[in-house]
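Here the sequence shown is numbered in our numbering, starting from 14 and rising by one per residue.
The structure appears right after this line, and notes come after that.
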Amino acid sequence: MKKLVLTTAAMIAVCSANAAGFGIYEASARGNALGGALVGSTRDASAVYYNPANMTETTNVSFMVGSSFINPFCDVTVDGVRQQKMNSGWFTVPTFYMIVPLSEDWRFGLGGYSEYGLGTKYKSDWALKHDTIETTIMQYTLNPNLSYKITDWWSIAGGFKMSYISFNSKSRPFSGYGLGGLEGELDGHDYSIGYNLATDFKILDNLSFGLVYRSGIIHDIKGDFDIPGASSTIGRPDHVPASARLKLPQSITGGINWDVTQKLHLGFAATWTQWNSVSDINFNMHQYTKTEPLNWRNAWRFGWSGEYDVTDDFSVRLGYVHDRDPSGKYGTTMLPAGDRHIIGTGFGWYICKNLRWDVGYNFIIMQDSSRKITDRLTGQTYLFNCGNSYSHIISTSISYSF
Numbered sequence: 014m015k016k017l018v019l020t021t022a023a024m025i026a027v028c029s030a031n032a033a034g035f036g037i038y039e040a041s042a043r044g045n046a047l048g049g050a051l052v053g054s055t056r057d058a059s060a061v062y063y064n065p066a067n068m069t070e071t072t073n074v075s076f077m078v079g080s081s082f083i084n085p086f087c088d089v090t091v092d093g094v095r096q097q098k099m100n101s102g103w104f105t106v107p108t109f110y111m112i113v114p115l116s117e118d119w120r121f122g123l124g125g126y127s128e129y130g131l132g133t134k135y136k137s138d139w140a141l142k143h144d145t146i147e148t149t150i151m152q153y154t155l156n157p158n159l160s161y162k163i164t165d166w167w168s169i170a171g172g173f174k175m176s177y178i179s180f181n182s183k184s185r186p187f188s189g190y191g192l193g194g195l196e197g198e199l200d201g202h203d204y205s206i207g208y209n210l211a212t213d214f215k216i217l218d219n220l221s222f223g224l225v226y227r228s229g230i231i232h233d234i235k236g237d238f239d240i241p242g243a244s245s246t247i248g249r250p251d252h253v254p255a256s257a258r259l260k261l262p263q264s265i266t267g268g269i270n271w272d273v274t275q276k277l278h279l280g281f282a283a284t285w286t287q288w289n290s291v292s293d294i295n296f297n298m299h300q301y302t303k304t305e306p307l308n309w310r311n312a313w314r315f316g317w318s319g320e321y322d323v324t325d326d327f328s329v330r331l332g333y334v335h336d337r338d339p340s341g342k343y344g345t346t347m348l349p350a351g352d353r354h355i356i357g358t359g360f361g362w363y364i365c366k367n368l369r370w371d372v373g374y375n376f377i378i379m380q381d382s383s384r385k386i387t388d389r390l391t392g393q394t395y396l397f398n399c400g401n402s403y404s405h406i407i408s409t410s411i412s413y414s415f
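Structure (structure tokens):
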């Protein structure tokens, strides 16, 4: 029984880490509205995220603070039987950026944003309660950068990514054995460091190309697995230490931005992410070690944008993103799978000369998907399906330059 309990707890850790593999790209209200297509030219403090080499475009001390509010939901069926509409509520993704000119050619930038995360919530008695009832995973990056303007047409940059990740997952892992009343909860967190490199080329005065590399980051997550009442019911401790190794993937983003006229600006960006770096996860419970295969595949994300300056003080924006799903037909209920189509719109308004207010709205359409979910204790396999999967994203930010 002890080995059975350790295996169960470890599998919950794996599922949580697996779900964290999906990225969060909501880095600013303007960037959200434009589908992230700001890699060739950013022109505000969010260059720290989109392309730190673009910080050389900024001549004054600049700040930006903002937040995105995300609400995902979908219809859930198990083996063809409708379960519920999964709606985990609204999640907040805060961001901040700062750029400080150090000299004519050098810039320092600092950013704080999320790159990974998820949130799902189901009824406590639904059919796959052994897999999850409620899961929240949060990751936050603190990213200092230096950029250097080599020539009038070429800039480079580099920085460190200090990553913090935490998760909380609740389930009823022994429901398959008629012990559905035992609810387990897993908590864990970790800090780690990666890096990023970037460059920007001005092909023409009105045409720029950017390239950004973000390294992978290894997190050794440590936490606790608790099942209150387990000692009296199944003869095991109510509390067990847990750990898991998770490698967040490296990625490369390229993009081009074109000022068609003084008022019309177009952009394109493509991101390749090495999701197969999380194809397996090593986890440990005391002296018990196992490698769990996940079989994720590398995936692409494409974004297109258009921005039009209606006046010197007011701009309107439109964007579209096609985001490919990296997971296969086997997975976890902690994050519904499926390719995503994202439509974005928004505006920017200069309230005064140096103060700008940005607002964005995105509607995400996720393709219907099916996954096979196996109860690790009983070996029974279920068909988990998500349909009518959508998300709303509302974002806002304030920018100021001195």
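Backbone N, C-alpha and C define an ideal beta-carbon position, used for all residues, glycine too.
* To do: Take V323 and list the residues in its own chain whose beta-carbon comes closer than 7 Å to its own, dropping the five residues that flank it on each side.
  => V329
* Coil, strand or helix - L396 by DSSP -> strand
* Where T69 falls: helix, strand or coil (DSSP) -> helix
* Boundaries (first-last residue) of the alpha helix (DSSP H) holding Y62 -> 60–63
* N45 - containing alpha helix (DSSP H), residue span -> 42–46
* Pick from A170, F104, S80, T149 that is closest to T346, judged by C-alpha positions -> T149
* In three-state DSSP terms, what is G34? -> Residue confidence for G34 is low, a pLDDT of 39 falling below 50, so the modelled location carries little weight; the figure read from the coordinates is stated next. In this structure, G34 counts as coil in the three-state DSSP scheme.
* Contact belief for S410 with A42 at Cβ below 8 Å, rounded distance in angstroms -> 4 Å
* Go through the segment 176–264 residue by residue and report every complete run of the alpha helix (DSSP H) that reaches 4 residues or more, in order. => 243–246
* To do: Go ahead and pull the three-state DSSP assignment for W309.
  => coil
* Cβ-based burial, T391 [other Cβ within 10 Å; buried from 16] -> exposed
* Return the residue from the list F315, G223, Y177 that minimises the CA-CA distance to K260. => Y177
* Excluding the five sequence neighbours on either side, which residues of its own chain have a C-beta within less than 6 Å of the C-beta of P114, listed in chain order? -> R120
* **Start and end residues, beta strand (DSSP E) containing H335** => 327–336
* To do: Return helix, strand or coil for S290, following the three-state DSSP convention.
  => helix
* Would you mind working out which of Q152, W166, D165, G171 sits nearest L159, comparing C-alpha positions? => G171
* Close-in-space but distant-in-sequence residues of the same chain around G351 (CB under 8 Å, 5 per side omitted) -> D338, M379, Q380, D381, S382, C399, S402
* Asked: Among K235, T133, D272, which has the Cα closest to the Cα of A255?
  -> K235
* Asked: So F76 packs on A58, CB below 8 Å; how close in whole Å?
  -> 6 Å
* To do: Tell me where the beta strand (DSSP E) around L368 begins and ends.
  => 368–379
* To do: Compare the beta carbon distance of G373 and G48 with 8 Å and say whether it is the shorter of the two.
  => no
* Kindly list the residues whose CB is nearer than 6 Å to the CB of G223, restricted to its own chain and excluding five residues on each side of it in sequence; keep chain order. => V52, G53, N64, D213, G268
* **Length of the line joining the Cα atoms of V106 and Q152** => 10 Å
* Asked: Whose C-alpha, out of M111, N156, T133, is nearest the C-alpha of F180?
  -> T133
* Asked: So, using beta-carbon positions, are K142 and S184 closer together than 8 Å?
  -> yes
* First through last residue of the beta strand (DSSP E) which encompasses W119 -> 119–126
* To do: Report, in whole angstroms, the separation of the C-beta atoms of F360 and F327, which I expect to be a contact under 8 Å.
  => 7 Å
* **CA-to-CA distance, W285 to A312, given in whole angstroms** => 6 Å
* **Whole-angstrom distance between D165 and E117, CA atom to CA atom** => 11 Å
* To do: In the DSSP assignment, find the beta strand (DSSP E) that holds G359 and state where it starts and stops.
  => 353–365
* Look up W271 in the DSSP assignment and give the residues it is bridged to. => L220, L279
* Asked: Below 8 Å between beta carbons: does that hold for I206 and E128?
  -> no
* Close-in-space but distant-in-sequence residues of the same chain around E320 (CB under 7 Å, 5 per side omitted) -> L47, H278, S328, R330
* So what does DSSP say about G130, is it helix, strand or coil? -> strand
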